[in-house]
Amino acid sequence: MFRREWIKGAGALALAAGAAGNLPRAWAAAAAPTGPYQWATVPFGAGGFVDGFVFHPREPGLLYTRTDIGGIYRFDPSTQSWVPLLDHLSKADAELMGVLALAVDPADANRVYAACGTYTGEWARKAALLASNDRGASWTVTELAFKLGGNEGGRGSGERLQVDPFNGQVIYLGSTRDGLWRSDNRGASFRRVKFPGAHVSLVAVDPARGQAGSGAATVYAGCHDKPGLYVSRDNGESFERDTALPEMAPQRAAFGADGTLYVTLTAGSKPGEVSNPGNARSGGVWKRGADGRWTDITPVKPAETDSGNQGFGYSGLDADARVPGRLIVSTIERWSEGDEVFLSHDDGRSWTALGARSKHDATPYPWLVDYLRGQDKMGHWIADVKLDPHNP
């Protein structure tokens, strides 16, 4: 007989042919039993929350993505397809398919790390760090002392996992409710560092401040429950809030080609409320130049366009690795008009909205025509957007 299984979030339909005796007689001769079932994934074009992308900064074509319950994928440029990297997980480890954060080692293109764990409830499995030195073909699993919410509120921010570009032994991991952690042995063990909040929204390591072998001198971390951007100038051992920024939760951070730091922010209707369906009420985009001063470069303030009963925030962010001042950002939870992506060529002084010049192509997957219902908005819940550092 034929069996089907929908893989939620992973975007796949698995099919398997069984014993010939259970098939219609016309099929039996052509489908004689040959051994165990052989399973494979069949892409169907969409489904689930893709909440983060990570390019390798030095190797062209090396790109990973994470999902909230569907595992990790690596893009294969030769076939223009996504390769699933966690389909081997057993039922006992199914909660590791919820991936809260990804990181690559800037100095070693073969190394990739994932902070995995789907829920933080009492009944949930504890989280684990998955480490690979062969681009996800195989993994070493290190059990963690806490849980992660890969399918909980705020999961679209990040990345919360970072490898120190000056010392590949050092890894920072921001948790869902247990603060900020650091490893000094490539993730084999972690210790908690001094950080004011419990729910870390992102970690960003300044690539211009540090010394080879000694580690980065300046590290940033965002927080959901005590909203703000925090900075460490003692190699990530302690953090203080940057009071020049609004008390909102940083969603994404990026360094420009000239060293400028950019941050997207989102705030809920209540202090510390994390980004989740319907929670975003305000947000913005800010930059800090070489003079250390912050400037508000928000493309469109929520109050300027929203209907008044609900605001929105900003999340997706990237800066051109080659051209200073070229930026891309996205709104998040802009329900009334649909989310938007904005592009700037002048360091945020002016922005171009891309929604009106964009279209969904439903040709390969005709069922999407019904899903779109005649509307062609950019979508909703756009948590991340990236420019290819090698082909911006």
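Per numbering that gives the first Met the number 0: the sequence shown = residues 0 to 391. All C-beta atoms, glycine included, are put in the ideal place defined by N, C-alpha and C. Please read these numbers as outputs of a predicted model, since none were measured by experiment.
Look at the alpha carbon of residue i and the alpha carbon of residue j, and state the distance between them as a whole number of angstroms.
i      : j      : result
LEU95  : ASP133 : 19 angstroms
GLY291 : TYR364 : 48 angstroms
VAL49  : ARG65  : 6 angstroms
VAL98  : GLY155 : 10 angstroms
VAL368 : ARG181 : 46 angstroms
SER314 : TYR36  : 43 angstroms
LYS358 : GLU336 : 16 angstroms
PHE189 : ASP233 : 18 angstroms
THR242 : ARG325 : 26 angstroms
GLY212 : ALA248 : 32 angstroms
SER281 : THR259 : 24 angstroms
GLY34  : GLY255 : 55 angstroms
PHE145 : ALA126 : 6 angstroms
GLY17  : ALA39  : Legend: pLDDT at GLY17 = 34, less than 50; position of this residue unreliable, no value from coordinates given.
TRP5   : PRO42  : Low confidence applies to TRP5: its pLDDT is 33, below 50, so where it sits in the model is not reliable, and the reading given next is rough at best. If I take the Cα positions, the gap works out to 11 angstroms.
ALA382 : ARG251 : 9 angstroms
GLY47  : ASN278 : 19 angstroms
GLU121 : LEU143 : 15 angstroms
GLY8   : LEU353 : Reliability fails at GLY8, whose pLDDT of 37 lies under 50, so the model's placement of it is uncertain and no value is given.
ARG321 : VAL53  : 17 angstroms
Taking the alpha carbon of residue i as the reference point, which residue from the options has its own alpha carbon closest?
i      : options                           : result
VAL82  : ASP92, LEU99, GLY135 and LEU128   : GLY135
ALA220 : PRO363, ARG159 and ASP233         : ARG159
ARG124 : GLU151, THR141 and ALA91          : ALA91
ASP67  : PRO323, THR175 and GLY149         : GLY149
PRO390 : PRO323, ASP319 and MET247         : This sequence places Asn at residue 390; Pro is not what is there. Of the candidates PRO323, ASP319 and MET247, the one whose C-alpha sits nearest the C-alpha of ASN390 is ASP319.
SER205 : ARG348, VAL218 and VAL340         : For clarity, residue 205 is Asp in the given sequence; the question names Ser instead. Nearest of ARG348, VAL218 and VAL340 to ASP205, Cα basis: VAL218.
THR175 : PHE165, LEU386, ALA100 and ARG287 : ALA100
GLY152 : ARG57, ALA127, PHE145 and HIS198  : HIS198
PRO298 : SER281, GLY347, ALA289 and ASP338 : GLY347
SER200 : PHE165, ALA93, SER237 and LEU147  : LEU147
VAL162 : LEU61, PRO76, ALA203 and GLY288   : ALA203
GLU339 : GLY373, LEU129 and LYS300         : LYS300
Quick one: measure Cβ to Cβ for residue i and residue j, integer angstroms, because I've assumed they're closer than 8 angstroms.
i      : j      : result
TYR171 : GLY235 : 6 angstroms
LEU342 : TYR261 : With 8 angstroms as the limit, LEU342 and TYR261 do not qualify as a contact, their Cβ atoms being about 13 angstroms apart.
GLY167 : ASP107 : 6 angstroms
THR141 : GLY178 : That pair is no contact at about 18 angstroms.
LEU371 : ALA355 : That belief does not hold up - the Cβ atoms of LEU371 and ALA355 are roughly 16 angstroms apart, past 8 angstroms.
GLY196 : ASP224 : 5 angstroms
PRO105 : PRO59  : Wrong, their Cβ atoms sit about 14 angstroms apart, outside the cutoff.
PRO323 : GLY283 : Rounded, the Cβ-Cβ distance is 21 angstroms, inconsistent with contact.
Inset, instruction - Count the CB pairs spanning the stretch 328–339 and the stretch 370–384 that are closer than 8 angstroms, and state whether there are at least three. - result: yes
Legend entry - Whole beta strand (DSSP E) elements within the stretch 118–157, 3-residue minimum: 127–131 and 139–142
Legend entry - Minimum length 4: unbroken alpha helix (DSSP H) runs contained in the stretch 299–335: 301–304
Inset, instruction - Note down, one range per segment and in chain order, each beta strand (DSSP E) of at least 3 residues found wholly within the stretch 160–186. - result: 160–162, 170–173 and 179–182
Legend entry - Ranges of the beta strand (DSSP E) found wholly within the stretch 187–269, counting only runs of at least 3: 199–204, 218–222, 227–231, 248–254 and 260–267
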